[in-house]
Amino acid sequence: MVTLALILKQGRKCALCRKSLFKGGKLSVVLDHDHESGRLRAALCYSCNRLIGMIESNYTLMEDALEYVAKTVVRNNEESERGDNQRTDTLAPIQKI
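Reminder that position 96 of the sequence shown reads as 1061 in the working numbering, one-by-one numbering, no gaps.
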């Protein structure tokens, strides 16, 4: 069976995050495929499949998300180095429309 062979070839791990495709002794997998050609790409966990689904048709979203995370990590590391556990910036309150 192609599916089982693919999962075994991937070492029973998600092709993206490398976490186990087994949860509680049960297989928890999504077969990622190209929606235009139908070609099978890899076996993914549900979280990675959702991520790919959100960004594969919107590369700007992916780039923006990476930039956001990079900035957040740098800011958090700087705060940790200062021993500052309190956020120095705050988000503006959400305004109701």
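C-beta atoms are modelled at their ideal positions from N, C-alpha and C, and glycine is treated no differently.
Should residue i go down as buried or exposed, given a rule of 16 or more other Cβ atoms within 10 Å for buried?
i: residue 997; result: buried
i: residue 980; result: buried
i: residue 1035; result: exposed
i: residue 1013; result: buried
i: residue 1096; result: This structure cannot speak to residue 1096, because the chain is shown only from 966 to 1062.
i: residue 1007; result: buried
Across which residues does DSSP place residue i in a beta bridge pair?
i: residue 974; result: Beta-bridge pairing links residue 974 to no other residue.
Thinking C-beta only, is residue j closer than 8 Å to residue i?
i: residue 972; j: residue 995; result: no
i: residue 1009; j: residue 1020; result: no
**Q.** Contact between the region 973-989 and the region 1022-1035 (3+ Cβ pairs under 8 Å)
**A.** no
Output the residue ranges of the beta strand (DSSP E) runs that lie fully inside the region 985-1018 and measure 3 residues or longer, sorted by chain position. 995-998 and 1005-1009
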